[in-house]
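A.B. asks: In the UniProt record's numbering, the protein residues as written are 1 to 123. Heads up, the beta-carbon is just placed ideally off N, CA and C, and yes, glycines get one too.
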Amino acid sequence: MNAIHEIKAASAGDYVREDDGWYRLGAMEQVFGSRACRGIELEGVKVGLFLIDGDVHALDDICTHGAALLSDGEFDGHEIECPLHAGLVDVRTGKALSAPITRDTRRHEAKIVGDELFVRLQA
Numbered sequence: 001m002n003a004i005h006e007i008k009a010a011s012a013g014d015y016v017r018e019d020d021g022w023y024r025l026g027a028m029e030q031v032f033g034s035r036a037c038r039g040i041e042l043e044g045v046k047v048g049l050f051l052i053d054g055d056v057h058a059l060d061d062i063c064t065h066g067a068a069l070l071s072d073g074e075f076d077g078h079e080i081e082c083p084l085h086a087g088l089v090d091v092r093t094g095k096a097l098s099a100p101i102t103r104d105t106r107r108h109e110a111k112i113v114g115d116e117l118f119v120r121l122q123a
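#1: Rounding to the nearest angstrom, what Cα-Cα distance links residue 88 and residue 113 in this structure?
#2: Tell me where the alpha helix (DSSP H) around residue 29 begins and ends.
#3: Where residue 72 and residue 21 are concerned, what is the direct C-alpha to C-alpha distance, given to the nearest angstrom?
#4: Alpha carbons only, please: which of 122, 47, 103 is nearest the one belonging to residue 59?
#5: According to DSSP, simplified to helix, strand and coil, what is residue 107?
#6: Have a look at residue 18 and residue 121 and give me their C-alpha separation to the nearest angstrom.
#7: Can you give the Cα-Cα distance for residue 97 and residue 79, rounded to whole angstroms?
#8: Using 8 angstroms as the cut-off, can you tell me whether the region 50–68 makes contact with the region 100–117, which would need three or more C-beta pairs spanning the two stretches below that distance?
#9: Which class does residue 121 belong to by DSSP, given the choice of helix, strand or coil?
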């Protein structure tokens with residue numbers, strides 16, 4: 001597993017919000033660079049972005065068990081390990097995989113159009 005420890009605490013003002021609610025985050029290379037996960041903030045919501053085989057998955061970035069940022073954890077395959085208590089979450093589904101995490105993590109919509117990444121927050 002590779003630990004990724006870079007978080008950009010960006011406000012929604014740092015991104016372009018389209019009329020349909022999608023935020024344009026920028027080119028994939030700009031968003032991820034050589035990393036496979038990244039944390040951002042939109043409308044006060046911390047969002048973890050996870051890149052797997054060319055697909056992007058977006059989840060709430062706060063562990064449902066503790067106040068840790070999931071994107072600060074170790075990311076391997078499709079699982080992120082919470083850096084606080086080592087519980088696992090499947091980033092494709094938000095499903096809690098191991099204790100002490102017992103509640104699933106809210107997912108957000110993510111799409112790639114051309115080379116641009118878009119995210120839409122879910123209620």
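C.D. replies: On the basis of the coordinates in this document:
#1: In the sequence shown, residue 88 corresponds to position 88, counting from 1. In the sequence shown, residue 113 corresponds to position 113, counting from 1. The straight-line gap from Cα to Cα measures roughly 30 angstroms.
#2: In the sequence shown, counting from the first residue as 1, residue 29 sits at position 29. Where residue 29 is concerned, the enclosing alpha helix (DSSP H) stretches over 28–32.
#3: Here residue 72 is taken as the residue at index 72 of the sequence shown, counted from 1. Here residue 21 is taken as the residue at index 21 of the sequence shown, counted from 1. Cα to Cα, residue 72 sits roughly 27 angstroms from residue 21.
#4: Working through the sequence shown from its first residue, we reach residue 59 at position 59. Checking every option, the nearest Cα to that of residue 59 belongs to 47.
#5: Translated into positions along the sequence shown, residue 107 becomes position 107. Note: residue 107 maps to strand in three-state DSSP.
#6: Translated into positions along the sequence shown, residue 18 becomes position 18. Translated into positions along the sequence shown, residue 121 becomes position 121. Separation of residue 18 and residue 121 (C-alpha to C-alpha, rounded to the nearest whole angstrom) is 12 angstroms.
#7: By one-based count along the sequence shown, residue 97 stands at place 97. By one-based count along the sequence shown, residue 79 stands at place 79. Approximately 9 angstroms between the Cα atoms of the pair.
#8: yes
#9: Stepping through the sequence shown from its first residue, residue 121 is reached at position 121. DSSP places residue 121 in coil when its eight states are reduced to three.
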